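Engineer: My questions all concern the structure below.
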Amino acid sequence: MIVPREPQTPASVADHYDELDPFYREIWGEHVHHGLWTTGRETPDQAVETLVARLAETMALEPGQHVCDIGCGYGATAEWLAKHYEVRVTGITLSSAQFLQAEERAARSPLLQFMRQDWLANTFEDDAFDHVFAIESSEHMPDKQRFFDEAYRTIRPGGRIAVCAWLARERAAPWEGRFLLEPICREGRLPGMGSATEYCAWAEKAGFTVDGIEDLSTKVRRTWALCAGRVAGKLLTEPRYRRYLLDARSRNRIFVLSLPRIWLAYATGSMIYGLLTAHKPLGPA
Ligand SMILES: C[S@@+](CC[C@H](N)C(=O)[O-])C[C@H]1O[C@@H](n2cnc3c(N)ncnc32)[C@H](O)[C@@H]1O
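Here you go:
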């Protein structure tokens, strides 16, 4: 696993999303994750929903089921799933700013519930959910084994897990670690970036049967050119973006360096975007 040279804690992850909240909403929108371009003709808004739809397919959701969105951001994915699949979704986030926005969605739908809590110290009962999923949140967790152990504990037998994650190339070369992957972890508040093999091993050790891990890198990487373009546009036209970047008190301004770095990490194959799917076996009859 790639580990940043400065340790990243749940508090630093929460601070990242709280401090950058206005910028995230303006640059990324309500979905704080990659888009998926399957035809290449999707608009950015369609692409983020295509990613959610792909993830949803892997869980074979049925109306009335209860699903957990681990690291739910602003709750946009939870709302999309409730609307398209009529499932109940409980979403959790570390960020107060995200939680406040998500609460507004919950006020509009009885199918949605959001909580501000740490997945690694969650208060859910055993077998609480039919399925759980995580879009780009496991990277932020220091103990990936516990991430999967908690998923296994809280999913009912026969339920599924789907995880979209930023992954490091298997056996990344020292230069990839030094110039791309370690800085990406540090700048983006990731306590560790695992490889596909490591993710499968953690899931299996937790008790899951892994159904597959799909490499979606070439279909998602356009996200970063789009984001870099949007940030450059805002820097040119909006003084508060320049003020934030030039202010030494801005704790998370370093993240801007990751925009070209992530683009390059995809171009070189150093970073991979994976969709892992697995299920909790039914156990002996
Ligand atoms: C890149 S954002 C993705 C948000 C959302 N999944 C989406 O796709 O829009 C990462 C999310 O993971 C959440 N997160 C990170 N570590 C977490 C933890 N230990 N417990 C709960 N949420 C966590 C953050 O609060 C944030 O909401």
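Take the working numbering: the final residue in the sequence shown is number 454, and no numbers are missing along the way. All C-beta atoms, glycine included, are put in the ideal place defined by N, C-alpha and C. Computed from a predicted model, the values in this text were never measured in an experiment.
Roughly how far, in whole angstroms, is the beta-carbon of L385 from the beta-carbon of L205, given that I think they are within contact range, below 8 Å?
Structural biologist: Going by Cβ atoms, the distance from L385 to L205 rounds to 6 Å, so yes, they are a contact pair.
Engineer: What residues in its chain sit with their C-beta under 7 Å from that of I431, if we drop five residues either side in the sequence?
Structural biologist: Hits under 7 Å: I353, W393 and M440.
Engineer: Ignoring anything shorter than 3 residues, give me the beta strand (DSSP E) runs that lie fully in the segment 294-364, in order along the chain.
Structural biologist: DSSP runs (the beta strand (DSSP E)) wholly in the segment 294-364: 298-304 and 324-337.
Engineer: Where are the alpha helix (DSSP H) runs, 4 residues long or more, that stay fully inside the segment 219-304, in chain order?
Structural biologist: Fully enclosed alpha helix (DSSP H) runs of 4 or longer: 245-254 and 265-277.
Engineer: What residues are listed by DSSP as bridge partners for T446?
Structural biologist: A331 and G381.
Engineer: Could you give the distance in angstroms between the alpha-carbon of L445 and the alpha-carbon of V301?
Structural biologist: About 12 Å.
Engineer: Do A320 and A334 have their beta-carbon atoms positioned less than 9 Å apart in this structure?
Structural biologist: Cβ atoms of A334 and A320: not closer than 9 Å.
Engineer: Buried or exposed: where does E199 fall if 16 or more other Cβ atoms within 10 Å of its Cβ makes it buried?
Structural biologist: It counts as buried.
Engineer: Between E195 and L189, what straight-line distance do the alpha-carbon atoms span, to the nearest angstrom?
Structural biologist: E195 and L189: Cα-Cα distance of roughly 10 Å.
Engineer: Who are the Cβ neighbours of A365 in its own chain at under 6 Å, not counting the five residues just before and after it?
Structural biologist: Hits under 6 Å: L336, I382 and G443.
Engineer: Can F283 and T262 be called in contact, C-beta distance under 9 Å?
Structural biologist: Yes.
Engineer: Comparing the CB of H300 with every heavy atom of ligand 1, is any distance shorter than 8 Å?
Structural biologist: Outside the cutoff, so no.
Engineer: Is the distance from the Cβ of P378 to the Cβ of H448 below 9 Å?
Structural biologist: Correcting the residue identity first, residue 378 is Thr in this sequence and not Pro. A contact, by the Cβ cut-off of 9 Å.
Engineer: Do the CB positions of E367 and M170 come within less than 9 Å of each other?
Structural biologist: Yes, the pair counts as a contact, with Cβ atoms nearer than the cut-off.
Engineer: Tell me the rounded alpha-carbon separation between V400 and Q267.
Structural biologist: Straight-line Cα distance between these residues: approximately 20 Å.
Engineer: Is there at least one non-hydrogen atom of ligand 1 closer than 8 Å to the beta-carbon of C241?
Structural biologist: Correct: C241 has its Cβ closer than 8 Å to ligand 1.
Engineer: Who are M440's beta bridge partners in DSSP?
Structural biologist: Partner(s): A337.
Engineer: Roughly how many angstroms separate the alpha carbons of Y186 and Y193, rounded to a whole number?
Structural biologist: If you take the alpha carbons of Y186 and Y193, they lie about 8 Å apart.
Engineer: Give me the residue from V425, A275 and P311 with the minimum Cα distance to V258.
Structural biologist: Residue A275 is the option with its Cα nearest to V258.
Engineer: Determine the closest residue to D312 out of C241, G346 and P360, with distance taken between C-alpha atoms.
Structural biologist: Nearest option by C-alpha distance: P360.
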